[in-house]
Structure formats: C-alpha cells, structure tokens
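For the sequence shown, the residue numbers in the numbering used here are 47 to 256. Just so it is clear, CB atoms sit at the ideal spot from N, CA and C, and this is done for glycine as well. What follows is one structure encoded as structure tokens, with my remarks underneath.
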Amino acid sequence: MPVLVIGAGGHARVVIELLQANGRSVAGLLDDAPGRAPVLGYPILGGTDALAALRAEGLTELAVAIGDNAARARLGLMAEAAGFVLPPLLHPSALISPSAILEEGVQIMARAVLGPESRVARLALVNTGAIVEHDCVVEEAAHIGPGAVLCGAARVGARALIAAGAVLQPGVAVGVGAVVALGAAVVDSVPDGARHGGVPARALAQRSRD
Ligand SMILES: CC(C)(COP(=O)(O)OP(=O)(O)OC[C@H]1O[C@@H](n2cnc3c(N)ncnc32)[C@H](O)[C@@H]1OP(=O)(O)O)[C@@H](O)C(=O)NCCC(=O)NCCS
Numbered sequence: 047m048p049v050l051v052i053g054a055g056g057h058a059r060v061v062i063e064l065l066q067a068n069g070r071s072v073a074g075l076l077d078d079a080p081g082r083a084p085v086l087g088y089p090i091l092g093g094t095d096a097l098a099a100l101r102a103e104g105l106t107e108l109a110v111a112i113g114d115n116a117a118r119a120r121l122g123l124m125a126e127a128a129g130f131v132l133p134p135l136l137h138p139s140a141l142i143s144p145s146a147i148l149e150e151g152v153q154i155m156a157r158a159v160l161g162p163e164s165r166v167a168r169l170a171l172v173n174t175g176a177i178v179e180h181d182c183v184v185e186e187a188a189h190i191g192p193g194a195v196l197c198g199a200a201r202v203g204a205r206a207l208i209a210a211g212a213v214l215q216p217g218v219a220v221g222v223g224a225v226v227a228l229g230a231a232v233v234d235s236v237p238d239g240a241r242h243g244g245v246p247a248r249a250l251a252q253r254s255r256d
C-alpha cells in the first residue's frame, strides 16, 4: 500500500527517497500552498482538506514531510484524526540500537545513529548523520539537525531544534521549543523557548527580524 506524504518542500524529497530506499511506493503529496509542482515525479493530490477522501479511498499510512516542528506536530495530529497511521520512517543506513525506543511517525534519516536505550518520541526528526547517544531523550516533534551530536543522557524538549553540527554535553537538557544554533557547544541546560548558540553556548540576541 503506498504512503501518502504531507508537504511538498525540500524535506519531502528526503522523505520520499527514504521511502524508496525501504521499497515503499508513494501515493502522492498534499500541500496547502497553492501552485506546488510535482516532487520527484509524484503529483500534488490537493491540500490537507483531501485527507478524509484519500483515507476513504483506502490509503492508511502517512508521512509528515515538514521540517518545521510545530507544523509537523499539528499536521501529524490532523492526519491521525483523519484515520491515518504514522509509521516510523527509518533510513536503512541508520544505526539504531535494538534497545532504542521509537514512537509513531519518527524520522531517522540516512547515517543517523541511535544509542542504547535512547528514546525518540512521536514525530521527532533525527536528521542526516546526527548522533543520539545512549539514554538520550528526544521529545515530541523535536528536530536534531544534520550532524548534531547528543552525548549520553542529554534531553531535548518537545518541538526544540538542535541545529546542524551542534553538540550537547552529556546530561544537559534543552527546553520545550528552544533553539540551539548551528555549531553550538551546549554545556549548560537551555530553558524552554530560549535560543542559545556559540562555543560554549550562551543566550543569543533576539532575532533581528522580530
Ligand atoms: C540560531 C539561528 C536560528 C539564528 O538565526 P537568526 O534568527 O536569523 O539569527 P540572526 O542572524 O538574527 O542572529 C541573531 C544573533 O545570533 C548570532 N548567531 C546567529 N547564529 C549563530 C550561531 N550559529 N552561533 C553563534 N551565534 C549566532 C548572530 O551573530 C546575532 O548576534 P549579534 O546580534 O550579536 O550579531 C540560526 O543561526 C540557526 O542555527 N538555524 C538553524 C538551521 C538548521 O540547522 N536547520 C535545520 C537544517 S535541516
């Protein structure tokens, strides 16, 4: 049975190729932005208002191919409410400990590593080449960016972003909705909603466009 994909941006291409690497076919894509072009040859079937009709046609599995954490969480709930299941998306080149715990809709991309007894909650995204060491917890719809490293027993709160190449010292906690900037070295915990960056990481100035 083919998988329906929500989102027709850059992350959708990565998700589609992950599905193909697992021998899965793609039914098509949904995107609420008007005028989206087909992605890797797959058609746009409509917006999210088409979810119920596509479920009624017999599609059951859905991938939320959206990089933005809040949107991924919201659309995952919407898809489940329409009766879809969100299978874990695991690239065949990822190294996943047999004792790692993975919830529905997780996305573990190419060459990512999940250590023993790590836990990745629903709709969280562990991007290309990221390392989530033993006993780490990645909460719902968080995003561990490409090449980021979570040393042992680090915790990342729901919808937080650990940007590409950042490193978390063992045992530190990053709060709900927080952002850790590209290349940061996080040696102290990061409060909910905060933005920290640098080496060692400190609170960043407010966003210039805020
Ligand atoms: C943290 C981040 C979101 C900041 O973006 P921004 O809001 O556009 O930030 P600004 O450019 O307005 O910079 C705000 C301040 O933070 C500083 N800053 C920005 N990025 C920084 C970084 N990676 N390390 C250290 N300082 C940084 C800026 O120098 C600026 O400081 P100043 O006012 O003293 O000059 C961005 O750098 C980032 O890391 N994005 C994540 C990208 C990513 O990995 N996405 C997932 C890929 S799939």
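Separation of Q252 and P246 (C-alpha to C-alpha, rounded to the nearest whole angstrom) is 18 Å. Relative to ligand 1, the nearest heavy atom lies less than 6 Å away from the CB of G243. The nearest non-hydrogen atom of ligand 1 is 6 Å or more from the C-beta of G74.
In the structure shown, the three-state DSSP call for I112 is coil. Here the alpha carbons of L132 and E126 stand approximately 8 Å from one another. Scanning its chain for C-beta atoms nearer than 6 Å, with the 5 sequence neighbours on each side dropped, one finds around G175 the residues R157, P192 and G193, in chain order. Here the alpha carbon of N115 sits roughly 11 Å from the alpha carbon of A224. Its Cα nearest to that of G217, the residue V195 stands out among A96, A227 and V195. In the three-state scheme derived from DSSP, where H, G and I count as helix and E and B as strand, G217 is classed as coil. Closest in alpha carbon position to H137, among R205, G129, M47 and L160, is L160.
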